[in-house]
Amino acid sequence: MTDAVIRGATVADAEALAAVYRSAYSENQRLGFPTKAASATSETVEEWVEDSRLFVAQLHDEIVGGVRLEVTNDDRVKLSRLAVHEEWKGEGIGSELLDHAETEVREWGHSTVWLTTPEEHPYLPDLYRNRGYEKTAPYPLEYREYDEIVMEKRVRY
């Protein structure tokens, strides 16, 4: 684990967080899983900050990761835009962001976190499975060359 501080994102974080998303999601593009986050702009991230709950991982004075939560109904919260800057991957920051997100969802009184991920991705489905997420449904994408799956985890019983 690192000494990363995880806190709510602000509009002032948008430029630095957009750079994190571009860095983190460039790997997915190279692997054949393009996504809008790979070309995130500060304006896009500002919208995410205003429309959902966005959290950043900050190490010293540098924003090195982020994750977005969106309440989708009384019991469920969607986790998306999990990202760690390429220079900081493998340091446990992604796990810290997931831990924080799951704790937030539980404290908000919701019981289930859900997400989508490419089923054919070389490591993301396994990463989520190892954290207790289970595949619950297919998630076809008409606008991409690949489909995703829905994975869920109960965080409150």
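Residue 4 is where the sequence shown starts when you use our numbering, and the numbers rise one by one after that.
Cβ coordinates follow ideal geometry from the N, Cα and C atoms, glycine included.
If you count every other CB in all the chains shown that lies within 10 Å of the CB of E30, and 16 or more means buried, which is it? Taking the sequence shown and counting its residues from 1, one reaches residue 30 at position 27. Its Cβ having fewer than 16 others within 10 Å, E30 is exposed.
Return the Cβ separation of S55 and E73 in integer angstroms, given the expectation that the two are a contact with Cβ distance under 8 Å. Position 52 of the sequence shown, counting from 1, holds the residue named residue 55. Position 70 of the sequence shown, counting from 1, holds the residue named residue 73. Right, the Cβ-Cβ distance comes to about 5 Å (below 8 Å), so this counts as a contact.
Specify, as a first and last residue, the run of the beta strand (DSSP E) that E137 falls within. Within the sequence shown, numbered from 1, the residue matching residue 137 stands at position 134. Here the beta strand (DSSP E) through E137 covers 137-142.
Using DSSP with H/G/I as helix, E/B as strand and the rest coil, what is T5? In the sequence shown, counting from the first residue as 1, residue 5 sits at position 2. Assignment of T5 by DSSP, reduced to helix, strand and coil, places it in the coil class.
Near Y160, which residues of its chain fall below 8 Å by C-beta distance, leaving aside the five closest residues on each side in sequence? Translated into the one-based positions of the sequence shown, residue 160 becomes position 157. So the qualifying residues of the chain are S114.
What would DSSP say about E107, mapped onto helix, strand or coil? In the sequence shown, counting from the first residue as 1, residue 107 sits at position 104. Residue state for E107 is assigned as helix, using DSSP reduced to three classes.
Tell me the DSSP secondary structure of G97 in three-state form. Locating residue 97 in the sequence shown gives position 94, where the first residue counts as 1. If DSSP states are grouped into helix, strand and coil, G97 belongs with the helices.
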